[in-house]
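Chemist: Sharing a structure here in structure tokens format.
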Amino acid sequence: MISPSIGRALQRHIPAIGDITSKSPLAYRLSRATVPVVNTVQMAVAEAYINGLEVPDVVLRSLFDTCMPILFKHFPSLLAPYDWVLTETPHVAEGSHDLMKLQYDLPQGMLNRMLGEGSLIYPKYSMGLWENGAENLEQSQIHMMDDVIEKLGIQDGDRILDFGCGWGCVPNYILSKFPNVQMTGLNLSHEQCDYIRNKMTDSESYLSSGRFQLFEGDLNDASFTEPFDKILSVGVFCHVGNLTQAFQKLSTFLKPLGKVFIHIITVRTPNNISSAYTHKYIFPHGRYWNFDAVPNCDRDLKTIDRWYMNGTNYSQTFAIWLQNFDRVQDEIRVLDYGIDYARFRRIWRFYLIWFVANFASCDGEINGNGQYLLERR
Ligand SMILES: C[S@@+](CC[C@H](N)C(=O)[O-])C[C@H]1O[C@@H](n2cnc3c(N)ncnc32)[C@H](O)[C@@H]1O
């Protein structure tokens, strides 16, 4: 039997397999040279589908179910389609305006129906928590927000910033629970901010309570004059290219004993991952940070606790979004996506089916969500 140290030494010289960051220079270069081939094959399959190739969902799903565990377990370096995925890049958020155009400022009539919308639970574009017995999407989102409230230790009277606040779902829910909390939301999506501004004039909404402030703007330019007791950010750091700079920025927004709670997609592979497909069609410059990336970059904030949330929670959430998306086809096909609707629908179905499979693969133990509690150093 090969001893673990010999095994590790051998792996350093095998291209593509294992931890790309610890490869010998030649193996590293060979690994990186393999990646364009993988990107090309992936795009050929995806673009054949979005250009109209008829592939039943079960076939697509079984393709992902077969490939993803092999890639996650044995070839994670092939899941880093570009060099920038592996490291921190210059901006807190990369390509934010492209991201808004391709994703968050899409017709809200489509996004809201897909994500679900209720009188208290507004559209929420992040993981629902199913493992505590939630029976539907709304309950799973409530369980998830209750979990955040508990882990962040929110107390009545706190001043809280929601960094990347979406449609205001998390602020609205927290304001409904705590009569003296003040919340501030930051979001670059003009369409989502319009949704929130509407709620801020709706007497039924907690966003109209006078305890909520909205800043429409980019994380890159954010600054606040009054410090916060707590900052939370749910589902946003996959759009952050530089964790160290982001934490430096957040630390300046906090009171001395302030805390930050971050919830993001994460992978328990040695390297960060992304895909050529999502970069081109869904989340430009999006990357899924390795589970250790946050504690490795927390120069100005200190990670005091962290949790891995099993991927089956997000798989189940994506499965409901896919069902919702399919169910409302007749209503949403008339909206203006800037491209032919049949093509748009296929781009989105490929993404949704893939993500249902991704998060479920390897029993949810590799691709899930990471939660981090940090405090000022
Ligand atoms: C996946 S959604 C999550 C929204 C919300 N936190 C939730 O859980 O529903 C990501 C959010 O981050 C916002 N966002 C992404 N990049 C941003 C940037 N550079 N500046 C400000 N907001 C940004 C998006 O507009 C969107 O509202």
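If you're matching positions, the sequence shown starts at 13 in my numbering and goes up one per residue. Cβ atoms here follow ideal geometry from the backbone N, Cα and C, with glycine treated the same way.
If you follow the beta strand (DSSP E) that Trp319 is in, where does it begin and where does it stop?
Modeler: Along the sequence shown, read from residue 1 onward, the residue named residue 319 stands at position 307. Run containing Trp319: 313–321, per the beta strand (DSSP E) assignment.
Chemist: Excluding sequence positions up to five away, which residues of its chain have a Cβ less than 8 Å from the Cβ of Leu164?
Modeler: As a position in the sequence shown, residue 164 is number 152, starting the count at 1. Around Leu164: Lys242, Leu244, Lys271, Phe273, Leu385.
Chemist: Tell me whether Val246 counts as near ligand 1, meaning its Cβ is closer than 6 Å to at least one heavy atom of that ligand.
Modeler: Here residue 246 corresponds to residue number 234 of the sequence shown, with the count starting at 1. For ligand 1, at least one heavy atom lies less than 6 Å from the Cβ of Val246.
Chemist: Does the beta carbon of Tyr94 fall short of 6 Å from some heavy atom of ligand 1?
Modeler: Residue 94 sits at position 82 when you count from the first residue of the sequence shown. Tyr94 Cβ: outside cutoff for every heavy atom of ligand 1.
Chemist: Less than 6 Å between the CB of Gly178 and some heavy atom of ligand 1, yes or no?
Modeler: For the purposes of this step, residue 178 is identified with residue 166 of the sequence shown, where counting begins at 1. Indeed, a heavy atom of ligand 1 lies less than 6 Å from the Cβ.
Chemist: If you draw a straight line from the alpha carbon of Ile166 to that of Val160, how long is it in whole angstroms?
Modeler: Residue 166 sits at position 154 when you count from the first residue of the sequence shown. Residue 160 sits at position 148 when you count from the first residue of the sequence shown. So the alpha carbons of these two residues sit roughly 9 Å apart.
Chemist: How is Pro183 classed by DSSP in three states: helix, strand or coil?
Modeler: Position 171 of the sequence shown, counted from the start, is the residue given in the question as residue 183. DSSP places Pro183 in helix when its eight states are reduced to three.
Chemist: Is the closest heavy atom of ligand 1 to the C-beta of Cys205 under 6 Å?
Modeler: As a working note, residue 205 is residue 193 in the sequence shown. For ligand 1, not one heavy atom lies less than 6 Å from the Cβ of Cys205.
Chemist: Output the distance between the C-alpha atoms of Ala39 and Phe240, rounded to the nearest integer angstrom.
Modeler: Looking up residue 39 in the sequence shown gives position 27. Looking up residue 240 in the sequence shown gives position 228. Rounded to the nearest angstrom, the two C-alpha atoms are 47 Å apart.
Chemist: Please specify which runs of the alpha helix (DSSP H), each continuous and at least 4 residues long, are wholly inside the segment 142–179, giving them in chain order.
Modeler: Here the runs fully enclosed are 149–164.
Chemist: What is the DSSP secondary structure of Leu198, reduced to helix, strand or coil?
Modeler: Start at 1 with the first residue of the sequence shown, and residue 198 comes out as number 186. In this structure, Leu198 counts as strand in the three-state DSSP scheme.
Chemist: I believe Ser327 touches Val368 by the beta-carbon criterion, under 8 Å. Please report the beta-carbon distance rounded to the nearest angstrom.
Modeler: For the purposes of this step, residue 327 is taken as the residue at position 315 of the sequence shown. For the purposes of this step, residue 368 is taken as the residue at position 356 of the sequence shown. Yes, Ser327 and Val368 are in contact; Cβ-Cβ is about 5 Å, under 8 Å.
Chemist: Can you tell which of Glu129, Ile285, Arg389, Ser286 has its C-alpha closest to the C-alpha of Lys314?
Modeler: For this step, residue 314 is matched to residue 302 along the sequence shown. If we check each option's Cα against that of Lys314, Arg389 comes out closest.
Chemist: Between Tyr207 and Phe227, what straight-line distance do the alpha-carbon atoms span, to the nearest angstrom?
Modeler: Translated into positions along the sequence shown, residue 207 becomes position 195. Translated into positions along the sequence shown, residue 227 becomes position 215. Cα-Cα distance, rounded: 13 Å.
Chemist: So is Lys189 buried or exposed if we call it buried at 16+ other beta carbons inside 10 Å?
Modeler: The count along the sequence shown starts at 1 and reaches residue 189 at position 177. With fewer than 16 other Cβ atoms within 10 Å, it is exposed.
Chemist: Quick test of your reading: Arg318 and Cys250, contact by CB under 8 Å. State the CB separation rounded to the nearest angstrom.
Modeler: Position 306 of the sequence shown, counted from the start, is the residue given in the question as residue 318. Position 238 of the sequence shown, counted from the start, is the residue given in the question as residue 250. The pair is not a contact, with the Cβ atoms about 16 Å apart (cut-off 8 Å).
Chemist: Following a CB-centred definition, is His251 positioned closer than 6 Å to any heavy atom of ligand 3?
Modeler: This structure lacks ligand 3; the ligands present are ligand 1.
Chemist: Could you please give the first and the last residue of the uninterrupted alpha helix (DSSP H) stretch that includes Gly376?
Modeler: Numbered from 1 along the sequence shown, position 364 holds the residue referred to as residue 376. Counting along the chain, Gly376 falls outside any alpha helix (DSSP H), and DSSP gives it neither H nor E.
Chemist: Do you know whose CA, among Phe259, Asp31, Asn63, Leu127, lies nearest Ile351's CA?
Modeler: By 1-based counting over the sequence shown, the position of residue 351 is 339. If we check each option's Cα against that of Ile351, Asn63 comes out closest.
Chemist: Return yes when at least one heavy atom of ligand 1 lies under 6 Å from the C-beta of Leu231, else no.
Modeler: Position 219 of the sequence shown holds residue 231. Result yes, Cβ under 6 Å from ligand 1.
Chemist: Excluding the 5 residues preceding and the 5 following Trp366 in the sequence, name in chain order all residues of the same chain whose CB lies nearer than 6 Å to its CB.
Modeler: Mapped onto the sequence shown, residue 366 falls at position 354. Cβ within range, chain order: Phe76.
Chemist: Helix, strand or coil: how does DSSP classify Arg44 here?
Modeler: The residue labelled residue 44 in the question sits at position 32 within the sequence shown. Helix, per DSSP.
Chemist: Here's the rule: buried if 16 or more other CB atoms are within 10 angstroms of the residue's CB, otherwise exposed. What is Pro296?
Modeler: Taking the first residue of the sequence shown as 1, we reach residue 296 at position 284. Pro296 is buried by the Cβ-count criterion.
Chemist: Could you check whether the Cβ of Tyr218 sits closer than 6 Å to any heavy atom belonging to ligand 1?
Modeler: On the sequence shown, residue 218 is found 206 positions in, with the first residue counted as 1. Tyr218: no, Cβ never under 6 Å from ligand 1.
Chemist: Closest to Lys85 by CA distance: which of Asp375, Ser15, Gln383 is it?
Modeler: Working through the sequence shown from its first residue, we reach residue 85 at position 73. Closest option to Lys85, Cα to Cα, is Asp375.
Chemist: Give the straight-line distance between the Cα atoms of Pro307 and Gly323, rounded to the nearest whole angstrom.
Modeler: Counting from one through the sequence shown, the residue named residue 307 turns up at place 295. Counting from one through the sequence shown, the residue named residue 323 turns up at place 311. For Pro307 and Gly323, the distance between alpha carbons rounds to 20 Å.
Chemist: Closest to Thr101 by CA distance: which of Trp301, Tyr353, Glu387, Leu114 is it?
Modeler: Numbered from 1 along the sequence shown, position 89 holds the residue referred to as residue 101. Nearest C-alpha to Thr101: Trp301.
Chemist: If you run the structure through DSSP and keep just helix, strand and coil, what is Ala92?
Modeler: Numbered from its first residue, the sequence shown carries residue 92 at position 80. Coil, per DSSP.
Chemist: So is the beta-carbon of Tyr137 under 6 Å away from any non-hydrogen atom of ligand 1?
Modeler: Taking the first residue of the sequence shown as 1, we reach residue 137 at position 125. Result yes, Cβ under 6 Å from ligand 1.
Chemist: Considering only DSSP beta bridges, list what Arg388 is partnered with.
Modeler: Taking the sequence shown and counting its residues from 1, the one referred to as residue 388 is at position 376. Leu313, per the DSSP bridge assignment.
Chemist: Mind checking who Ala105 pairs with in its DSSP beta bridge?
Modeler: Position 93 of the sequence shown holds residue 105. Looking at the DSSP assignment, Ala105 forms a beta bridge with Val252.
Chemist: Report whether the distance from the Cβ of Ala146 to the nearest heavy atom of ligand 1 is below 6 Å.
Modeler: As a first step, residue 146 is located in the sequence shown; it is residue number 134 there, counting from the start. Not under cutoff, so the answer is no.
Chemist: Does the Cβ of Tyr185 lie closer than 6 Å to at least one heavy atom of ligand 1?
Modeler: Walking along the sequence shown from the start, residue 185 turns up at place 173. Tyr185: no, Cβ never under 6 Å from ligand 1.
Chemist: May I have the straight-line CA-CA distance separating Glu147 from Val340, to the nearest angstrom?
Modeler: What you label residue 147 is simply residue 135 of the sequence shown in a count that begins at 1. What you label residue 340 is simply residue 328 of the sequence shown in a count that begins at 1. Computed Cα separation, rounded: 21 Å.
Chemist: Determine the direct distance from the alpha carbon of Leu127 to that of Phe87, and round the result to whole angstroms.
Modeler: Along the sequence shown, read from residue 1 onward, the residue named residue 87 stands at position 75. Along the sequence shown, read from residue 1 onward, the residue named residue 127 stands at position 115. If I take the Cα positions, the gap works out to 33 Å.
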